[in-house]
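Everything in the sequence shown is counted per this note's numbering, starting at 27 for the first residue and increasing by one.
Cβ coordinates follow ideal geometry from the N, Cα and C atoms, glycine included.
Since this is a predicted model, take the numbers as computed values, not measurements.
One structure is given here, and the rest of the page talks about it.
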Amino acid sequence: MDERAANRRFLMAARLPIGSAEAQSEPASKAGRLRALLQAPALSFIMEAHNGLSGKIVEEAGFEGIWASGLSMSAALGVRDNNEASWTQVLEMLEFMADATTIPILVDGDTGYGNFNNVRRLVRKLCQRGIGGVCIEDKLFPKTNSFIGENQPLADVDEFCGRIKAGKDSQSDDDFQLVARVEALIAGWGMEEALRRAEAYREAGADAVLIHSKKATADEITGFCESWGGRAPVVIVPTMYHRTPTQTFRDAGVSMVIWANHNMRAAVSAMRSVCQAIKESESLTAVEEEIAPVREVFALTGQEELAAAEARYLAAAGGPRAILLAASRGEELGPLTERRPKCMIDVRGEPLLQRLVRTLNGSGLRDVTVVRGYRKEAIDLAGIESVDNDRYDETGEAASLACAYNRLYGPCLVSYGDILFRRHVLDSLLAAEGDIVTVVDARRRTDSARSPDRTVDWVRCSRPFTGSYLDDDRVTLEAIGSDAAEPESAHGEFIGLTKLSENGATLVRGALDAMSKDGSLDAADLPELLARLVAQGAAIDVLYVTGHWLDVDDAFDLASLRNLV
Ligand code: SPV
Ligand code: MG
């Protein structure tokens with residue numbers, strides 16, 4: 027680091043109140059974060075966006091801030107960078123951008139859209155919309171892009187200082203940043219004038235100065251920084267001197283680099299090439315692999331969040347929903363599951379999962395989400411939603427359930443995707459009271475219709491099944507899976523079907539969160555999840571059944587199933 031950079035860093039550091047909360051921790055507001063970026067000793071970078079979507083992509087890429095470019099926003103609207111888009115139209119775009127992102131936006135405010143009075147109103151509105159700061163340039167309204175023509179007229183220094191003061195006096199957020207853009211070099215007025223103006227703007231209250239140059243080299247920028255000596259943060263826009271190594275800017279003590287229009291220009295190139303390919307081939311085949319899949323667009327715009335909100339707020343209207351865990355292959359079934367997961371195995375002309383969904387639909391459960399994994403494309407049933415556990419081969423049932431986290435709002439049924447049960451089992455469960463109710467088969471499952479090798483999730487309950495007509499006392503789960511007693515002393519078998527109320531779903535989401543944090547989520551199955559809830563004191567009610575259900579663990583089960591249905 028050379029002396030100039032060191033000098034700037036010293037001056038910047040001196041501005042941060044030592045020991046203040048801000049000096050110690052990340053400021054909360056977007057304006058505060060923009061201020062911190064401008065004042066930090068390290069060089070920061072902000073990237074152009076021109077609407078909500080491009081703003082999201084800038085944030086996704088890891089940039090710390092957004093440059094809401096006047097040129098790009100105008101171009102995106104199909105108009106020139108001559109204030110043809112009104113300031114309220116720009117404001118509307120900014121509102122979308124600010125809502126779509128969490129990083130601060132520095133707005134290209136052109137000339138401030140008029141005199142000091144227009145700047146006052148602009149700054150007030152920007153603060154209301156959570157914009158981090160504005161950059162205004164010392165030119166006249168209506169502006170012309172700096173890279174067009176020569177010797178554009180500049181504003182009178184005092185008049186422009188009035189715009190700066192008016193803007194600073196109007197901000198409702200103390201941290202809102204006003205960057206004064208010096209156009210003297212571009213307009214051909216020379217370095218001395220640029221420095222004179224920058225100093226006047228700093229004195230008028232500008233938080234930073236943007237020194238603009240349209241030369242192909244950064245000589246003007248480094249020359250300016252040298253004479254400026256770090257009196258206020260310097261912002262640059264290296265569009266024309268893009269070959270300059272970034273280290274040069276660091277060494278010069280620049281505070282912030284704006285990559286000013288590259289998303290808009292990338293969009294122009296990409297849209298042209300895709301249009302041309304489709305026009306020429308009269309087909310979409312050639313471009314399909316090149317462009318973002320629709321599901322990525324859904325992801326960018328937060329479709330999942332809406333699904334979660336629907337699960338939460340539309341629950342009462344839609345009745346209970348169901349989440350079916352169907353991510354595993356079912357290796358035990360050998361070649362039968364080579365091309366499809368076991369839930370899609372044909373059982374007398376109909377996939378197992380379809381039979382399950384039909385049973386659910388028959389009891390009024392129409393909102394059915396299937397967690398897919400192995401050969402997910404084979405799960406193509408009508409009337410289901412799907413979410414994917416793409417790590418199905420290294421995770422278990424709990425991780426699959428976590429993939430449906432956004433739909434895990436009660437009332438809700440969670441079931442294995444490879445079981446079948448009679449309607450009356452489901453109806454009894456739906457009628458049962460309790461925040462978490464799980465179905466337990468009270469029979470000793472050693473009957474000849476079962477594969478001798480299958481693993482059974484034994485459970486121990488507060489009391490055994492009696493089968494008495496008069497017995498309707500509450501039964502709760504005490505232990506399950508590896509925590510449960512040996513088969514001989516167990517009270518039954520967990521069949522893989524559980525109902526959650528709104529509270530129950532909240533408890534399960536909490537347990538999934540905790541498992542994700544402590545690293546146990548990936549390996550856990552549903553019994554482990556239930557065991558965890560029992561261990562933390564949650565009451566899990568048990569609905570005893572005696573048969574009338576089936577699961578498919580291996581060829582033995584499948585043969586029984588085919589005989590039965
Ligand atoms: C913009 O992005 O609109 C700018 C930067 O003002 S520049 O086009 O380089 O002037
Ligand atoms: Mg501009």
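Out of curiosity, what's the CA-to-CA distance linking residue i and residue j?
i	j	result
residue 133	residue 297	25 Å
residue 469	residue 329	44 Å
residue 178	residue 228	23 Å
residue 275	residue 63	15 Å
residue 368	residue 129	45 Å
residue 577	residue 332	33 Å
residue 49	residue 84	Below a pLDDT of 50, predicted positions are generally treated as unreliable, and residue 49, at 42, falls in that range; the measurement from the model is reported next regardless. Rounded to the nearest angstrom, the two C-alpha atoms are 26 Å apart.
residue 573	residue 340	34 Å
residue 355	residue 550	17 Å
residue 493	residue 460	20 Å
residue 202	residue 544	40 Å
residue 40	residue 256	Here residue 40 scores only 40 on pLDDT, less than 50, and its place in the model is too uncertain to base an answer on.
residue 378	residue 371	6 Å
residue 586	residue 451	19 Å
residue 414	residue 252	56 Å
residue 496	residue 345	30 Å
residue 262	residue 240	11 Å
residue 47	residue 200	Model confidence at residue 47 stands at a pLDDT of 39, short of 50, so the residue's coordinates are unreliable and nothing is read from them.
residue 194	residue 271	34 Å
residue 409	residue 390	13 Å
residue 359	residue 375	18 Å
residue 527	residue 462	7 Å
residue 308	residue 105	30 Å
residue 171	residue 68	29 Å
residue 412	residue 100	40 Å
residue 230	residue 158	19 Å
residue 350	residue 385	13 Å
residue 441	residue 322	28 Å
residue 324	residue 79	11 Å
residue 579	residue 404	19 Å
Going by the CB atoms, is the gap between residue j and residue i shorter than 7 Å?
i	j	result
residue 568	residue 503	yes
residue 547	residue 423	no
residue 535	residue 505	no
residue 164	residue 142	no
residue 233	residue 204	yes
residue 338	residue 435	yes
residue 119	residue 285	no
residue 439	residue 581	no
residue 155	residue 196	no
residue 220	residue 208	yes
residue 395	residue 430	yes
residue 198	residue 153	yes
residue 575	residue 447	yes
residue 260	residue 280	yes
residue 289	residue 75	yes
residue 140	residue 167	yes
residue 482	residue 570	no
residue 244	residue 267	yes
residue 428	residue 538	yes
residue 181	residue 131	no
residue 600	residue 433	Because the chain is modelled from 27 through 591, residue 600 falls outside the range shown and cannot be assessed.
residue 278	residue 248	yes
residue 283	residue 71	yes
residue 96	residue 107	yes
Say the cut is 6 Å; is the CB of residue i nearer than that to a heavy atom of the ligand MG?
i	result
residue 134	yes
residue 97	yes
Considering only heavy atoms of the ligand SPV, does any lie closer than 6 Å to the CB of residue i?
i	result
residue 286	yes
residue 263	yes
residue 172	yes
Using a C-beta cutoff of 7 Å, does residue i count as contacting chain C?
i	result
residue 121	Structure shown: chain C not included; a single protein chain is present.
Problem set entry | Ordered list of alpha helix (DSSP H) runs contained in the stretch 511-540, each at least 4 residues | none
For this session: Identify every run of the beta strand (DSSP E) within the stretch 142-200, keeping only runs that are complete inside it and at least 3 residues long; order them along the chain.
Result: Within the stretch 142-200, the complete beta strand (DSSP E) runs of at least 3 residues are 159-163.
Problem set entry | Cβ contact check for the stretch 360-367 and the stretch 314-327: 3 or more pairs under 8 Å | These segments do not touch.
Exercise. What residue ranges within the stretch 260-312 form continuous beta strand (DSSP E) runs of no fewer than 3 residues, ordered along the chain?
Worked result: Qualifying beta strand (DSSP E) stretches, in chain order: 260-262, 282-285.
Problem set entry | In chain order, each beta strand (DSSP E) run of at least 3 residues that lies wholly inside the stretch 73-119 | Within the stretch 73-119, the complete beta strand (DSSP E) runs of at least 3 residues are 92-94.
For this session: Kindly provide the ranges of any beta strand (DSSP E) runs that are 3 or more residues long and lie completely inside the stretch 389-428, ordered along the chain.
Result: 393-398, 411-414
For this session: Kindly provide the ranges of any alpha helix (DSSP H) runs that are 4 or more residues long and lie completely inside the stretch 321-389, ordered along the chain.
Result: As far as the stretch 321-389 is concerned, its whole alpha helix (DSSP H) runs of at least 4 residues are 329-339, 341-344, 378-388.
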